[in-house]
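Working notes, beginning with the structure itself.
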Amino acid sequence: GEFITVKEFADKLGKPVAEVIKALIFTGIMAGINQEIDFETAEKAAKRLEIDIVKSKDDASGISDEKEEDLLDVNLEKRPPIVTVMGHVDHGKTSLLDAIRKAKVTESEAGGITQHIGAYTITINGEKITFLDTPGHEAFTAMRARGAQVTDIVILVVAADDGIMPQTAEAINHCKAANVPMIVAINKIDVEGANIDKVKQELTEYGLVAEEWGGDTICVPVSAKQRMGIDDLLEMVLLTAEVEELKADSNRRAAGTVIESELDKGRGPVATLLVQKGTLNVGDSILVGSTYGRIRAMFDDKGKKIKSAGPSIPVEILGLSEVPQAGDKFHEVKDEKTARGMAEARKIKEKSLQQSTMRVSLEDLYSQVK
Ligand code: GDP
Ligand code: MG
Numbered sequence: 122g123e124f125i126t127v128k129e130f131a132d133k134l135g136k137p138v139a140e141v142i143k144a145l146i147f148t149g150i151m152a153g154i155n156q157e158i159d160f161e162t163a164e165k166a167a168k169r170l171e172i173d174i175v176k177s178k179d180d181a182s183g184i185s186d187e188k189e190e191d192l193l194d195v196n197l198e199k200r201p202p203i204v205t206v207m208g209h210v211d212h213g214k215t216s217l218l219d220a221i222r223k224a225k226v227t228e229s230e231a232g233g234i235t236q237h238i239g240a241y242t243i244t245i246n247g248e249k250i251t252f253l254d255t256p257g258h259e260a261f262t263a264m265r266a267r268g269a270q271v272t273d274i275v276i277l278v279v280a281a282d283d284g285i286m287p288q289t290a291e292a293i294n295h296c297k298a299a300n301v302p303m304i305v306a307i308n309k310i311d312v313e314g315a316n317i318d319k320v321k322q323e324l325t326e327y328g329l330v331a332e333e334w335g336g337d338t339i340c341v342p343v344s345a346k347q348r349m350g351i352d353d354l355l356e357m358v359l360l361t362a363e364v365e366e367l368k369a370d371s372n373r374r375a376a377g378t379v380i381e382s383e384l385d386k387g388r389g390p391v392a393t394l395l396v397q398k399g400t401l402n403v404g405d406s407i408l409v410g411s412t413y414g415r416i417r418a419m420f421d422d423k424g425k426k427i428k429s430a431g432p433s434i435p436v437e438i439l440g441l442s443e444v445p446q447a448g449d450k451f452h453e454v455k456d457e458k459t460a461r462g463m464a465e466a467r468k469i470k471e472k473s474l475q476q477s478t479m480r481v482s483l484e485d486l487y488s489q490v491k
């Protein structure tokens, strides 16, 4: 259906109205400045102006529970990939994340080697990659269960001396179900008894055929301990990201997902957020699940105070009224008052849902007693 006037659309695109009307004419639509156009029409006109737009439905659920509101993402730009490391216990997930972080932290950042939050961003030849360091499976599964999709690429760690184990298989299934591209890091190649080919053979049983065997699964032999193969692995991550064409609009209200949260004695509720769209700034008001707040302070992955963060960047924030849950989505809203109102509305809704389920179970109980 219709959803935006030509004037609003032009504003969003940052183009003169006349130019947008002209683009519409080229696509066969005669529209006045206050006329409403639908998404498909807007998309055609935008294409004519060489701008990519996407309809962002997910904002609607966060911004209003009652009214479906469409927001437009315009001017999509390349964004860094968000990578999660998965694999069987003791196959080297933590060691690999450490090796990557240490390999890419420059001298000047030496003090920043200590990680402060459950995610970090590295830079290779000007290209950024964000790694989520949340306890692999649980976080991934919990977030997926809550409908939050945060990972663009999964690095599947398989120890070359152990091969595919139950949690490896589980991870493969998660990735397939979520349609997330996988890169296999065959780890511990320094260990006696390491057998790279055996791992590749086992992978085929899951439909994953290594590239060098004529398939399309990227396998990189590494040793997290000896720091071998790390650069190759990161190169493959960037290559995969390139193929995925990961994009986001940084010039809009911020939205993203809570990665972790806690109640700090001195600082109050603290949350690690992954910005997925737009730019988050100190002073912004956000709605997070059924809590809200105005961002009082923001820190990067090295604990350094920052003022803003764009797409795919993890940050730690202070200023929330309560501790949100990992997997909760956040949305920037107009002001704190709006955020509070929406959070309260959500709380009331949650409560009434709880009460109605309770009533049902009580009735069930009585009917059984009778
Ligand atoms: P996680 O449970 O998957 O996070 O595994 P860890 O990173 O904790 O590693 C489990 C054990 O394997 C630790 O004792 C690591 O030191 C060891 N380890 C990890 N990677 C390598 C490797 O490349 N080579 C060798 N020899 N040991 C490794
Ligand atoms: Mg670990």
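One rule links them: number in the UniProt record's numbering = place in the sequence shown (from 1) + 121.
Think of the CB as a built atom: it goes at the ideal place given N, C-alpha and C, for glycine as much as any other residue.
Remember, it's a predicted structure, so these values are computed and weren't measured experimentally.
Indicate, with yes or no, if ligand 2 has a heavy atom lying under 7 Å from the CB of K346. As a working mapping, residue 346 is identified with position 225 in the sequence shown. Flag unset: Cβ of K346 not near ligand 2.
Taking the Cβ atom as the reference point for each residue, do A362 and I274 lie within a distance shorter than 8 Å? As a first step, residue 362 must be located in the sequence shown, where it is residue number 241. As a first step, residue 274 must be located in the sequence shown, where it is residue number 153. Yes; because the gap between Cβ atoms is below 8 Å, this pair is in contact.
May I ask you to verify whether the region 402 to 422 touches the region 462 to 477, counting CB pairs closer than 8 Å and requiring at least 3? yes
Short Cβ contact (8 Å threshold) for L324 with I285: As a first step, residue 324 must be located in the sequence shown, where it is residue number 203. As a first step, residue 285 must be located in the sequence shown, where it is residue number 164. Contact: yes.
Cutoff 6 Å; reference R417; Cβ partners in own chain excluding five residues on either side: Mapped onto the sequence shown, residue 417 falls at position 296. Within the same chain, R417 has close Cβ partners L439, G440.
6 Å Cβ shell around A430 - same chain, five flanking residues per side excluded: Along the sequence shown, one-based indexing puts residue 430 at 309. The answer, listed in chain order, is V396, L401, V436.
What does DSSP give as the partner residue(s) for N308 in the beta ladder? On the sequence shown, position 187 is the one that residue 308 refers to. According to DSSP, which records beta bridges pairwise, N308 is partnered with A280.
Spatial neighbours of F160 within its chain, please: CB distance less than 6 Å, with the 5 preceding and 5 following residues excluded, ordered by chain position. What you label residue 160 is simply residue 39 of the sequence shown in a count that begins at 1. Within the same chain, F160 has close Cβ partners K176.
Can you tell me which of the three DSSP states S473 falls into? Within the sequence shown, numbered from 1, the residue matching residue 473 stands at position 352. Of the three classes helix, strand and coil, the one that applies to S473 here is helix, per DSSP.
Do you know offhand how far E129's Cα is from K249's? Indexing the sequence shown from 1 puts residue 129 at position 8. Indexing the sequence shown from 1 puts residue 249 at position 128. Near 33 Å, if we compare the C-alpha coordinates of K249 and E129.
Do the CB positions of Q156 and T126 come within less than 8 Å of each other? In the sequence shown, residue 156 corresponds to position 35, counting from 1. In the sequence shown, residue 126 corresponds to position 5, counting from 1. Yes.
Leaving out five residues before and five after K214 in sequence, what residues of the same chain have Cβ atoms less than 8 Å from its Cβ? For the purposes of this step, residue 214 is taken as residue 93 along the sequence shown, with counting starting at 1. The residues are V206, M207, G208, G257, V278.
Using 8 Å as the threshold, is the C-beta distance between I150 and T162 below it? Here residue 150 corresponds to residue number 29 of the sequence shown, with the count starting at 1. Here residue 162 corresponds to residue number 41 of the sequence shown, with the count starting at 1. Yes, these two residues count as a Cβ contact at 8 Å.
Counting only the same chain and skipping the five closest in sequence on each side, list residues whose C-beta sits under 8 Å from that of D337. Locating residue 337 in the sequence shown gives position 216, counting from the first residue. Once the five neighbours on either side are set aside, the close Cβ partners of D337 are V330.
Would you mind stating whether P432 and A392 have Cβ atoms separated by less than 8 Å? In the sequence shown, the residue the question calls residue 432 occupies position 311. In the sequence shown, the residue the question calls residue 392 occupies position 271. In this structure, A392 does not lie closer than 8 Å to P432 by Cβ.
Can you find a heavy atom of ligand 2 that lies under 7 Å from the Cβ of K214? For the purposes of this step, residue 214 is taken as the residue at position 93 of the sequence shown. Correct: K214 has its Cβ closer than 7 Å to ligand 2.
On the CB-based measure, 16 or more other CB atoms within 10 Å of its CB, does E381 come out buried or exposed? As a first step, residue 381 is located in the sequence shown; it is residue number 260 there, counting from the start. It counts as buried.
For A299 and I158, the rounded distance between their alpha carbons: The residue you call residue 158 lines up with position 37 of the sequence shown. The residue you call residue 299 lines up with position 178 of the sequence shown. Distance between the alpha carbons of I158 and A299: 33 Å.
List the whole-angstrom C-beta distance separating V195 from L134, where the pair is believed to meet the contact cut-off of C-beta under 8 Å. Here residue 195 refers to the residue found at position 74 of the sequence shown. Here residue 134 refers to the residue found at position 13 of the sequence shown. Right, their Cβ atoms sit about 5 Å apart.
What are the start and end residues of each continuous beta strand (DSSP E) run of 3 or more residues lying completely inside the region 376 to 408, in chain order? 376 to 385, 389 to 398
Spatial distance of G424 from F147 (CA atoms): Here residue 424 refers to the residue found at position 303 of the sequence shown. Here residue 147 refers to the residue found at position 26 of the sequence shown. Straight-line Cα distance between these residues: approximately 51 Å.
Measuring only the C-alpha atoms, how far is A290 from F124? Your numbering for residue 290 matches position 169 in the sequence shown. Your numbering for residue 124 matches position 3 in the sequence shown. Distance between the alpha carbons of A290 and F124: 45 Å.
Is V364 helix, strand or coil by DSSP? If you number the sequence shown from 1, residue 364 lands on position 243. It is helical.
Taking the C-alpha atoms as reference points, what is the distance between A280 and H212? For the purposes of this step, residue 280 is taken as residue 159 along the sequence shown, with counting starting at 1. For the purposes of this step, residue 212 is taken as residue 91 along the sequence shown, with counting starting at 1. Going from the Cα of A280 to the Cα of H212 covers about 5 Å.
Quick check: is any heavy atom of ligand 1 less than 7 Å from the C-beta of V275? Taking the first residue of the sequence shown as 1, we reach residue 275 at position 154. No, since every heavy atom of ligand 1 falls outside the 7 Å radius drawn around the Cβ of V275.
Could you give the first and the last residue of the continuous beta strand (DSSP E) run that contains R415? One-based indexing of the sequence shown puts residue 415 at position 294. 412 to 420 is the span of the beta strand (DSSP E), which, as asked, contains R415.
Opposite H452 in the DSSP bridges: which residues? Numbered from its first residue, the sequence shown carries residue 452 at position 331. H452 pairs with A376, L408.
What first and last residue would you give for the beta strand (DSSP E) that runs through K249? The residue given as residue 249 occupies position 128 in the sequence shown. From DSSP, the beta strand (DSSP E) with K249 extends over 248 to 253.
Does the pairing of the region 217 to 227 with the region 239 to 246 give three or more beta-carbon distances under 8 Å? yes
Looking only at C-alpha atoms, which of K426, P202, I304 sits nearest to I339? Counting from one through the sequence shown, the residue named residue 339 turns up at place 218. Ranking the options by Cα distance to I339, first place goes to I304.
If contacts are defined as beta-carbon pairs under 8 Å, then Q288 and D311 qualify, I think. What distance do you get, rounded to the angstrom? Within the sequence shown, the letter at position 167 stands for residue 288. Within the sequence shown, the letter at position 190 stands for residue 311. Rounded, the Cβ-Cβ distance is 22 Å, inconsistent with contact.
Quick one, which of A131, P302, E356 has its alpha-carbon nearest V341's? Here the question's residue 341 lines up with position 220 in the sequence shown. When only C-alpha atoms are compared, the closest one is E356.
With a threshold of 6 Å on Cβ separation, who are the neighbours of I293 within its own chain once the five nearest residues in sequence on each side are excluded? Counting from 1 along the sequence shown, the entry for residue 293 is found at position 172. Excluding positions up to five away in sequence, the list reads Y327.
Tell me the DSSP bridge mates of residue 508? For residue 508 there is no data in the structure shown, the boundaries of the chain being 122 and 491.
Which stretch, first to last residue, makes up the alpha helix (DSSP H) that contains L145? Translated into the one-based positions of the sequence shown, residue 145 becomes position 24. Here the alpha helix (DSSP H) through L145 covers 138 to 147.
Applying the 10 Å Cβ sphere with the 16-neighbour rule, what's the burial state of R388? On the sequence shown, position 267 is the one that residue 388 refers to. Flag for R388 reads exposed.
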